[in-house]
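Sequential numbering from 0 applies to the sequence shown in numbering that gives the first Met the number 0. Ideal Cβ positions, reconstructed from N, Cα and C, are used throughout, including at glycine. The next block holds one structure in the form of structure tokens; read it before the comments.
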Amino acid sequence: MKILVCISKSPDTTSKIAFADGNTKFDENGVQFIVNPYDEWYALVRALELKESLGGHVTIITVGTATDDAVIRKALAIGADEAIRIDAEPKDAYFTAMQISSYAKSNEYDLILTGKETINYNGSQVAGMIAEDLNYPFVSLASKLDVNDKTLTIEREIVGGVQQVELNLPAVISCAKGMAEQRIPNMRGIMAARTKPLNVVAAQEIDELTEFISFSIPDAKSAVKMIDPENMDELVDLLHNEAKVI
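Now the structure itself:
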């Protein structure tokens, strides 16, 4: 089975976020980047589990520049067989998805996995766009995935229960919590990642459909006000006149 796992880099949650060029661009100076957790913990690890049980080959793919190579190597250390970096600055979800689907068209993957979203943009768009461009069936927010020959059995949480879906390969699946457990790279994996192939391919000409107008930092959180549990009148007054939620 040939599995393609889409990964992206995201700022570590402890990083201090700032913007540049008149608040129109994310400032990467001094930011520690990691593999997007949803891509790593759920999509990549489940792909490796399938390879271990069924056999096959796991390729990771990202759209980015040479500064992403260290993050890609970490994903290789977890167990992927090879990496593809499409050499372009990811402009938006559409640009990223079209670059990946263009590569996938010429390589005939059985299964394409992504995380449900990235932790920095939370768009949850790329997987669906890839599936549409490839004309593959697509299931989002999958929490369980099993393969039986050419048939996938998927489970996903919905309001009030769990939905089970069956579909045929090839397919695109976005992975959510429950799909797999986190794996920590060991020394053997880290050493092996240094020699695994990281292939850089040229980007395709893709129309830019999105323009970023500005970024802003959320307002600082206000201090917590402690209310005596016996003083309900004060609590109601604050909720009504200050918080304006009732």
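- Cα atoms of A69 and I33: separation of roughly 9 angstroms, rounded to the nearest angstrom.
- Taking all protein chains shown into account, I99 has 16 or more neighbouring C-beta atoms within 10 Å of its C-beta and is therefore buried.
- For R72, same chain residues with a beta-carbon under 6 angstroms away, outside a window of 5 residues either side, are A192 in chain order.
- For K143, the uninterrupted beta strand (DSSP E) segment begins and ends at 137 to 147.
- The beta carbons of R45 and L112 sit closer together than 8 angstroms.
- Here DSSP, grouped into helix, strand and coil, assigns N167 to strand.
- For T113, no alpha helix (DSSP H) encloses it; the enclosing beta strand (DSSP E) starts and ends at 110 to 114.
- Per the C-alpha coordinates, the member of V235, S221, D80 positioned closest to D227 is V235.
- Taking a 10 Å sphere around the C-beta of F211, we find fewer than 16 other C-beta atoms and assign the residue as exposed.
- If only complete runs of 3 or more residues are kept, the region 172 to 208 shows the beta strand (DSSP E) at 197 to 201, in order along the chain.
- At the C-beta level, V4 and I59 come within 8 angstroms of one another.
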